[in-house]
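These protein sequences, in sequence, are chains U and H. Residue numbers are given in my numbering: position 214 of the first sequence equals residue 221, and the series is strictly consecutive. Residue numbers are given in my numbering: position 223 of the second sequence equals residue 230, and the series is strictly consecutive. All residues carry an ideal CB built from backbone N, CA and C; glycine is no exception. Here is the structure we will look at, set down as structure tokens.
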Amino acid sequence: MRSGKSGTNGHPDDRRVKNNECPPADSERRERHMEAVLKNLASAAELLAAAAHSGVVEQWDKQTLSRAFHWARYCEHLFSRFHSNPTMRGVMEKQLQLTNQSLGAAFPEYTEVSFSDLSRCQHLLLVGLLNNPELPVSIMKTLFDTWSPANTKQSEYQDVTGFCNHIIQCKSACKVLSPFTDVSAVGADAEVQGVMLMERLGALLSRGGEACRAEHFLDSVLQGCEGAAEHFCLVIAAALLTTKNPAAQTASQGFLLDWLRRKHSVLQLMCSALPTALLIDLAKEHLEFRDAYCDVLKKWASDMEYSMREGEWVQTSTKRTVSFQKLTECFLALFEACPPLREDVERELNALNIADGDFDVRGLSVWGDLLSAFNN
Amino acid sequence: MSQLQPLIQLQQTAESLMNIQEMQFWLEKAVTWGQADSPDTQKDTCLHLSRLKDFLQQLLTHINNMSSTTETMKRLPFLGQFLGRLCWNPYVTADATSRRLLFQCLWGLYSENPGNAVERKANQWIRKVFCQLATEEDDAAAQALMKHMGVPPEEYHLKVLRKMVALMQENIGKSCSSICNINQRCSCDRIKATSETCVPLITCPEAAPLIGVLLQQPVTCVRAALSEDFLDALSSAYSSQCLSLEEQAVVSLWYHKLSSLEEAVLSLLECVLANTGSMPQKLEQQLAQSLLPKACAQHCSIFLVVNDIFRSILKQADGAESVKYLIQSFTSCFLGELALLQHQTSVSLKALFPQSPQSLLVPLLTLPSEMPREAWRHHLNWLSGSLQRLTEEEEEGDGDSISSTRGHHKLFEAWFLLVQCAQWVQVAVQLLVTSGPEDCGPLLWLLTFYHHPTNRGHHRALQLVHAREAWDHLHSLFLALSRPLPADHLQSLVTLLSPQPQRPALSPLLILNLLVNFAVFFQQSLSGSTEILQTVRKRSGLVDEAMCVLNSLELRLNGGSCISSDTNRLHLRIKALQNTLTHRREALCPAENQAHALARSKTGGSTYPHTNA
């Protein structure tokens with residue numbers, strides 16, 4: 008089992024240039040380049056598998072370790088270059104499928120590597136190595152070394168001494184500081200995730216045309232967050248509230264709001280799961296959200312019916328997310344933040360109330376009761 | 008030998024007994040910290056952190072002294088549990104030192120060749136702990152999202168940390184920025200709590216901006232004090248160079264923590280006084296680099312502390328020349344920094360020099376360059392007279408103990424101020440060169456006073472006589488036109504420069520200073536001065552000191568505080584004299600040497616552009 012590529016310095020793309028060969032035709036060059044990339048990809052997958060499951064790691068020294076992480080970084084680079092290029096991505100995914108098959112045959116415990124896994128290749132390598140009982144203790148000690156290196160390039164590969172030490176320091180520092188970051192309405196982690204969501208979206212949208220790719224991206228993220236949908240709602244809120252780089256922001260945020268408006272379930276979840284104060288901030292920041300939020304509140308109201316037993320309006324659906332009281336509070340908070348809205352909404356509710364018969368008795372029209380609650 | 012064995016065993020048992028008790032204490036602590044994550048436990052952890060580090064160090068030594076893991080586990084059965092719990096305490100794992108010690112303890116328990124099931128299990132457990140620490144992700148939802156966005160965990164955590172630091176920085180800036188309403192609760196308690204929490208993060212490079220902001224918070228509110236533990240940890244990390252701080256942060260640290268300021272001053276003194284090299288320019292550089300003058304300019308209180316330290320050093324060093332020179336340079340640097348800030352702050356001289364005689368403040372603090380050259384003599388005469396009166400007052404009050412102490416104190420402070428502003432003493436020396444016999448009285452008095460402030464045994468009168476004699480001697484020596492100079496003249500010069508065993512001795516340095524100034528400023532040929540300095544070099548031990556005087560003259564010439572109409576000529580003269588002292592022209596034959604020097608001085612440096620000041 009090969010323990011990683013030998014003989015190639017840095018990226019194979021440079022090989023051509025280094026050999027000073029006469030440049031062939033463009034398409035031929037691209038093809039050869041592609042070939043090389045795919046070959047490297049396969050080798051990298053093999054490396055990951057060997058690191059995680061085979062006994063060759065016993066022979067590893069610091070140099071080998073550095074080289075392995077260098078390969079992992081190369082894969083991360085491949086991901087960042089080609090993840091939005093469907094053709095290349097497709098070709099690479101196919102290659103990985105093939106490699107997965109052969110590696111699966113060679114290693115019984117093998118877990119398949121997909122293209123999207125490549126974005127965290129160093130982490131995968133690390134997980135594999137640390138879980139491999141054959142990994143020499145000396146290698147582990149290097150990874151957890153506590154004297155932080157000056158990141159000098161001792162050999163041709165970046166030093167991985169203390170790689171894990173730095174990770175642990177970082178994670179611990181986050182835990183230490185997190186009680187003090189309640190100044191952020193959504194939390195520092197959600198803010199970071201929000202920024203990244205915006206960045207990805209921005210990158211996709213800036214590539215011109217093909218808004219469907221951005222749409223597809225959001226859909227796949229949503230799908231991936233099954234079971235943590237509320238968390239995703241928080242991230243969406245954070246994304247909509249990021250003020251970094253306002254120019255590019257408006258396009259991406261607009262797109263996100265459009266998408267949100269069409270995803271009723273997500274919108275509803277946002278409005279029920281997130282704290283009112285946060286929703287109000289969103290309403291203040293984005294007109295479309297204000298309107299969407301208002302619509303959700305009205306929808307909730309329309310789904311209510313008066314329960315004699317409880318003496319109050321309640322939601323008819325099995326999942327009761329909001330009480331009449333809460334609904335009123337939400338409306339009032341919204342009015343306080345966006346005063347011009349009050350008149351419009353009251354006018355609308357009034358019309359609905361009239362359509363309901365315009366009785367002055369409690370329990371007959373949710374609209375009428377809402378209006379009275381507003382004016383108390 | 009056999010008698011030692013039970014003793015060693017007893018020692019070891021005693022050691023391990025102690026460790027068991029301590030172990031118990033720390034184990035309980037670790038359990039408590041792990042159970043709740045309240046602000047109180049957080050505070051408790053931070054408070055105990057430095058003691059915990061000491062204990063971990065002890066443990067590490069203990070582990071390394073054991074022959075095998077089995078033995079270690081037998082002696083300290085709860086060790087594994089303890090270390091394991093600490094691994095999941097973020098305060099312990101965030102701090103660089105405690106993390107290092109913790110990891111080393113774990114590695115210490117790892118057996119290269121496990122001999123039994125206990126050791127094999129220990130090995131497995133250790134590997135698992137490390138693996139979990141590095142790769143386990145608490146927030147699955149966040150990780151799923153990040154995976155979709157193609158962001159690896161290590162990048163994500165780093166970004167979150169930076170975000171947290173940025174949020175906290177902003178927030179600290181906000182609290183208590185406006186004038187607090189007394190009835191309103193200000194949020195300054197947070198600052199103290201934040202600083203406490205930052206104790207484990209002091210050496211974390213990403214947290215540096217936050218620490219800087221905490222340190223530089225203007226202290227507007229009584230409750231906005233920084234935690235003592237924070238300042239202690241910061242101070243020791245900075246002095247052991249585990250941490251680099253921005254200039255302003257260092258100044259703030261000194262402002263908050265007296266002991267770290269003292270340490271900085273003492274280390275500067277050590278550094279400067281250790282290489283008593285003859286380079287005043289280098290001293291200026293060292294002073295600027297130390298940041299102390301800048302800090303003093305920003306905070307009056309720092310200046311006062313530094314001066315107190317200088318005072319005590321002076322009293323101990325018994326007037327050592329290098330210390331005095333340092334104080335003068337420091338004060339001059341400080342005044343320079345103060346001038347830069349003057350539009351921002353408006354500290355009165357009285358606040359900066361509270362103990363100095365107020366009447367002397369402005370006269371002494373005015374630089375010679377700020378005054379017309381013609382006024383110097385008059386100014387110095389006045390200074391000399393004022394100081395003389397002070398000494399007379401002090402001597403008069405010698406009967407009554409209280410007033411005499413006050414008198415002594417006043418005199419000391421006057422002398423200290425003179426030391427701080429010793430450029431006037433240098434001007435006095437320079438003027439002595441061009442004085443006639445009738446003018447040099449007050450100047451000689453000033454010079455003598457500078458070198459011998461106390462009048463123990465009422466020897467000042469005699470010292471003044473000796474000073475006068477020395478001046479006369481030098482005057483006539485430099486006036487002498489015959490070459491070579493008479494041997495007896497030179498001999499008596501050497502005698503003057505050597506340490507005098509009988510009292511009252513006049514400081515040889517005083518005479519040397521005078522001599523060098525004569526050599527530079529006296530209007531006669533360079534060759535004479537050269538010869539005299541050669542004598543100094545060959546026959547007195549004071550080459551370095553003479554070099555020092557020359558170098559500081561050169562510096563002053565550059566700085567413009569000994570303005571002369573032929574600065575260039577003086578520069579060349581000083582250069583030639585420096586060469587004499589350092590023996591550089593030895594290669595050339597002596598006659599050529601003299602001819603060269605003579606030619607140079609006559610033409611006034613025709614090879615260089617001659618500028619008229």
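Query: Ser227 of chain U vs His164 of chain H beta-carbon contact at 9 Å; Result: no
Query: Within-9 Å CB hit, Val167 of chain H to chain U; Result: yes
Query: Contact set between Met311 of chain U and chain H, taken where Cβ atoms lie within less than 8 Å; Result: Here the premise fails: no neighbours, minimum Cβ distance about 32 Å.
Query: Contact with chain U by Pro159 of chain H, beta-carbon distance below 9 Å; Result: yes
Query: As assigned by DSSP and simplified to three states, the class of Ser355 of chain H; Result: coil
Query: Pairwise C-alpha distance: Phe89 of chain H and Thr39 of chain H; Result: 12 Å
Query: The region 130 to 143 of chain U / the region 50 to 58 of chain U touching (three or more Cβ pairs under 8 Å); Result: yes
Query: Rounded distance between the beta-carbons of Leu504 of chain H and Ser536 of chain H, thought under 8 Å; Result: So it is not a contact: roughly 15 Å between Cβ atoms.
Query: contact_flag[the region 132 to 152 of chain H, the region 234 to 249 of chain U] where n(CB pairs < 8 Å) is 3 or more; Result: yes
Query: Local conformation of Trp67 of chain U per DSSP, three classes; Result: coil
Query: Met147 of chain U at chain H interface by Cβ criterion, 9 Å; Result: yes
Query: Val183 of chain U - DSSP class collapsed to helix/strand/coil; Result: helix
Query: For Trp261 of chain H, the three-state DSSP class (helix, strand or coil); Result: helix
Query: Among H:Ile70, H:Cys555, H:Leu519 and H:Leu347, the one whose alpha carbon lies nearest that of Thr542 of chain H; Result: H:Leu519
Query: Classification of Gln305 of chain H by the beta-carbon crowding that lies within 10 angstroms, buried from 16 upward; Result: buried
Query: Proximal residues of chain H, C-beta to C-beta of Gly231 of chain U below 9 Å; Result: Ala151, Leu152, Lys154 and His155
Query: 8 Å contact criterion, which Val440 of chain H and Leu454 of chain H should meet: CB distance rounded; Result: Not really, about 12 Å apart at Cβ, beyond 8 Å.
Query: contact_flag[the region 207 to 226 of chain H, the region 97 to 117 of chain H] where n(CB pairs < 8 Å) is 3 or more; Result: yes
Query: 8 Å Cβ cut-off: residues of chain A touching Phe137 of chain H; Result: The structure shown contains no chain A; the protein chains it does contain are U and H.
Query: CB contact below 9 Å: Glu126 of chain H versus chain U; Result: no
Query: Under 8 Å from the C-beta of Glu213 of chain H: neighbouring residues of chain U; Result: Cys177 and Ala180
Query: For Ser267 of chain H, the three-state DSSP class (helix, strand or coil); Result: helix
Query: Arg396 of chain H to Glu381 of chain H span [Cα, whole Å]; Result: 24 Å
Query: Sequence ranges, alpha helix (DSSP H) only - wholly within the region 525 to 553 of chain H, length at least 4; Result: 533 to 546
Query: Which of helix, strand or coil DSSP assigns to Leu95 of chain H; Result: Here residue 95 of chain H turns out to be Trp, not Leu, going by the sequence shown. It is coil, neither helix nor strand.
Query: Own chain residues within Cβ distance below 8 Å of Arg169 of chain H, not counting five before or after; Result: Glu213
Query: Cβ shell of Leu265 of chain H (< 8 Å), same chain only, five flanking positions each side left out; Result: Val312
Query: One or two residues paired with Trp320 of chain U in a DSSP bridge; Result: U:Tyr313
Query: Chain H contact for Glu34 of chain U (CB, 9 Å cutoff); Result: One detail in the question is off: residue 34 of chain U reads as Ser in this sequence, not Glu. By this cut-off, Ser34 of chain U is not an interface position.
Query: Any C-beta of chain U under 9 Å from that of Leu63 of chain H; Result: no
Query: Reduced DSSP secondary structure (H/G/I, E/B, other) of Lys46 of chain U; Result: helix
Query: Cβ neighbour criterion (16 or more within 10 Å) applied to Ala5 of chain U; Result: With chain U running from 8 to 383 in the structure shown, residue 5 of chain U is simply not present.
Query: Closest Cα partner of Ala192 of chain U within the set U:Leu247, U:Lys178 and U:Arg268; Result: U:Leu247
Query: CA nearest to the CA of Phe76 of chain U, picked from U:Ile146, U:His40 and U:Thr249; Result: U:Ile146
Query: DSSP three-state assignment for Glu344 of chain H, whether helix, strand or coil; Result: helix
Query: Start-to-end residues for the alpha helix (DSSP H) that takes in Pro460 of chain H; Result: Where Pro460 of chain H is concerned, there is no enclosing alpha helix (DSSP H), given that its DSSP letter is neither H nor E.
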